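Trainee: Mapping the sequence shown onto UniProt numbering, position 215 (from 1) lands on 215, and the numbers just tick up by one. Structure incoming, see below.
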Amino acid sequence: MLQKAYETDFGTQYLGKIEEFIDSEAGTNLKGKVQLLLTSPPFPMNNKKKYGNLQGQEYVDWFSSLAEGFSKFLTKNGSIVIELGNSWEHGRPVQSLLSLESFLAFLKNEKADLKLCQEFIVHNPSRLPSPAQWVTVNRIRTIDSFTKVWWMSPSDYPKSDNKKVLRPYSKSMLNLLKRKSYNAGSRPSEHVIGDKSFLKDNGGSIVPNVIEIEQIDDSRERRVPGNVFSIANTRSNDYYMKTCRENNIKPHPARMPLELASFFIEFLTDPGDIVLDPFGGSNTTGFCAERSGRKWISIEAMQEYTEQAMIRFKDPAINSNIRKEIY
Numbered sequence: 001m002l003q004k005a006y007e008t009d010f011g012t013q014y015l016g017k018i019e020e021f022i023d024s025e026a027g028t029n030l031k032g033k034v035q036l037l038l039t040s041p042p043f044p045m046n047n048k049k050k051y052g053n054l055q056g057q058e059y060v061d062w063f064s065s066l067a068e069g070f071s072k073f074l075t076k077n078g079s080i081v082i083e084l085g086n087s088w089e090h091g092r093p094v095q096s097l098l099s100l101e102s103f104l105a106f107l108k109n110e111k112a113d114l115k116l117c118q119e120f121i122v123h124n125p126s127r128l129p130s131p132a133q134w135v136t137v138n139r140i141r142t143i144d145s146f147t148k149v150w151w152m153s154p155s156d157y158p159k160s161d162n163k164k165v166l167r168p169y170s171k172s173m174l175n176l177l178k179r180k181s182y183n184a185g186s187r188p189s190e191h192v193i194g195d196k197s198f199l200k201d202n203g204g205s206i207v208p209n210v211i212e213i214e215q216i217d218d219s220r221e222r223r224v225p226g227n228v229f230s231i232a233n234t235r236s237n238d239y240y241m242k243t244c245r246e247n248n249i250k251p252h253p254a255r256m257p258l259e260l261a262s263f264f265i266e267f268l269t270d271p272g273d274i275v276l277d278p279f280g281g282s283n284t285t286g287f288c289a290e291r292s293g294r295k296w297i298s299i300e301a302m303q304e305y306t307e308q309a310m311i312r313f314k315d316p317a318i319n320s321n322i323r324k325e326i327y
C-alpha cells in the first residue's frame, strides 16, 4: 500500500510501487506538472537482486507498460531520462538484447507518443569487472564499464539549455581566444571554418553525449561542468556513505551517480520545477534536486531503502528540514 514516508521543504518520498502511485490521488494530482522524470529502474539481469528485477519478456512487457503512465506526468515540454545497464545471456559470454528491446518497447508505446531526443553513454572506469565469469575467470571478454541513458519527450523541443552545463574551455581554446587567430579555411571533411568562427567567448564549451563519471585519462586535463560533476560515484567519503558505514548500513547496491542526476537536472529544468523518480532507491535524484532548488517526488518499493534515503537529507551541506510521516 502506498504511504508517504517523509517530506522536506522541497520534496516528498513515498513508500510503495510506482504502479500504485500512478493510480493514487497524489499521482493523479501530479499529472501534467512534472518537468523531468529521471530514473534508473531495476536493470534486466539474469540473477535476482534484493531490490527486485524481472527477467526476459516479462521485463520487456512490464517496462514498456510504464511509458503511458510516465508520459502523463509530464508538462508539454517535459522530459523522461532513463538509465539502463547491459545484461548478458545466462551462462553464456553473449550480451543480451534485453535492455535494447525494453527501451524500444518503451519508446514505441503508442499511448505514450514519445520521441528520442538523444542517447548518452555514461562511462565509469572504476566499475567492478563484470561479467566476472567471462572477464576475470575465463578472461575472454572486456569489462562492461558503461550504461546507456535515453532522453525522451513528447515534444520535439523539450525545455533544455546546454549553456547551463558548459565545460571550462581547454587550455588551447583559452590560448586561441587570447591570440584571436587560428588556421581558418577548408577542412578535409569539406567544412569551411571562417576566420571568426571560434573567436566568441561563450563561457565554456558544449558537453558531449559521452559522460565520464571519473577521469578516463589522468594525464588529460579534466573539464566538467562546474557544479555538476562534483562528487565521484566511487568515493566513500561523502556524507551518505560515511553515515552508512558508521551505522553498519549496507548502502543500496545500484545507486545512480550523483553527477549523472545533477547533470540532467541542471540541463533540463529550472529552480522550482518538479523532478520525479519512480524508482527512488537511495533517492539520489531527490537529493540532487533539493540541492539545486528543484521540487521533487520519489517513489521506492522497499522500506529499507526508503529509510536509508533519509540519510541524504541530514547532510549539513543542504540543510534540509525532514518531516517524518511513517517512521
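No residue lacks a Cβ here, since even glycine has one placed at the ideal position from N, Cα and C. If you're wondering where the values come from, they're calculated on a predicted model, not measured in any experiment.
If we ignore side chains and look at the alpha-carbon of each, how far apart do Ser-230 and Glu-259 end up?
Mentor: For the purposes of this step, residue 230 is identified with residue 230 of the sequence shown, where counting begins at 1. For the purposes of this step, residue 259 is identified with residue 259 of the sequence shown, where counting begins at 1. Any reading at Ser-230 needs caution, since the residue's pLDDT is 37, under 50, leaving its predicted position unreliable; the model's value is listed next. Between Ser-230 and Glu-259, the C-alpha separation is close to 7 Å.
Trainee: On the criterion of 16 or more Cβ atoms from any shown chain inside 10 Å, does Asn-124 qualify as buried, or is it exposed?
Mentor: Here residue 124 refers to the residue found at position 124 of the sequence shown. Buried, by the Cβ-count rule.
Trainee: Decide if the region 193-213 is in contact with the region 72-89; the criterion is three or more beta carbon pairs, one per stretch, under 8 Å apart.
Mentor: No, because fewer than three Cβ pairs between the region 193-213 and the region 72-89 fall closer than 8 Å, the two stretches do not touch.
Trainee: Go through its chain and collect everything with a Cβ distance to Leu-176's Cβ below 6 Å, but skip five positions before and after it.
Mentor: The count along the sequence shown starts at 1 and reaches residue 176 at position 176. Cβ within range, chain order: Tyr-182.
Trainee: How many angstroms separate the CA atom of Ser-172 from the CA atom of Ala-184?
Mentor: Counted from its first residue, the sequence shown places residue 172 at position 172. Counted from its first residue, the sequence shown places residue 184 at position 184. Each residue's alpha carbon lies about 16 Å from the other.
Trainee: Going by C-alpha distance, which of Pro-41, Val-34, Leu-37 and Glu-7 is nearest Ala-301?
Mentor: For the purposes of this step, residue 301 is taken as residue 301 along the sequence shown, with counting starting at 1. Measuring from the Cα of Ala-301, the nearest candidate turns out to be Pro-41.
Trainee: So, are the CB atoms of Ser-99 and Asn-109 less than 7 Å apart?
Mentor: Along the sequence shown, one-based indexing puts residue 99 at 99. Along the sequence shown, one-based indexing puts residue 109 at 109. Not a contact, by the Cβ cut-off of 7 Å.
Trainee: Within 8 Å, do at least three Cβ pairs link the region 142-151 to the region 101-120?
Mentor: Contact between the region 101-120 and the region 142-151 is present, because at least three Cβ pairs lie under 8 Å.
Trainee: In or out: His-90 buried (at least 16 other Cβ within 10 Å) or exposed?
Mentor: By one-based count along the sequence shown, residue 90 stands at place 90. With fewer than 16 other Cβ atoms within 10 Å, it is exposed.
Trainee: In whole angstroms, what is the alpha-carbon distance linking Met-310 and Leu-37?
Mentor: Residue numbering aside, residue 310 sits at position 310 when the sequence shown is read from its first letter. Residue numbering aside, residue 37 sits at position 37 when the sequence shown is read from its first letter. Each residue's Cα considered, the two are about 20 Å apart.
Trainee: When the Cα atoms are used, what is the spatial distance from Asn-233 to Ala-261?
Mentor: For the purposes of this step, residue 233 is taken as the residue at position 233 of the sequence shown. For the purposes of this step, residue 261 is taken as the residue at position 261 of the sequence shown. Model confidence at Asn-233 stands at a pLDDT of 44, short of 50, so the residue's coordinates are unreliable and nothing is read from them.
Trainee: So, helix, strand or coil for Phe-229, using DSSP?
Mentor: Numbered from 1 along the sequence shown, position 229 holds the residue referred to as residue 229. Note that Phe-229 scores 46 on pLDDT, short of 50, meaning its location in the model is unreliable; the coordinates nonetheless yield the value given after this. Coil.
Trainee: According to DSSP, which residues form a beta bridge with Asp-277?
Mentor: For this step, residue 277 is matched to residue 277 along the sequence shown. Partner(s): Ser-298.
Trainee: By the 10 Å Cβ neighbour count, where 16 or more other Cβ atoms means buried, how is Asn-283 classified, buried or exposed?
Mentor: By 1-based counting over the sequence shown, the position of residue 283 is 283. Result: buried.
Trainee: Check whether the Cβ atoms of Tyr-6 and Glu-325 sit closer than 7 Å, and answer yes or no.
Mentor: Position 6 of the sequence shown holds residue 6. Position 325 of the sequence shown holds residue 325. Yes, the Cβ-Cβ distance between Tyr-6 and Glu-325 is below 7 Å.
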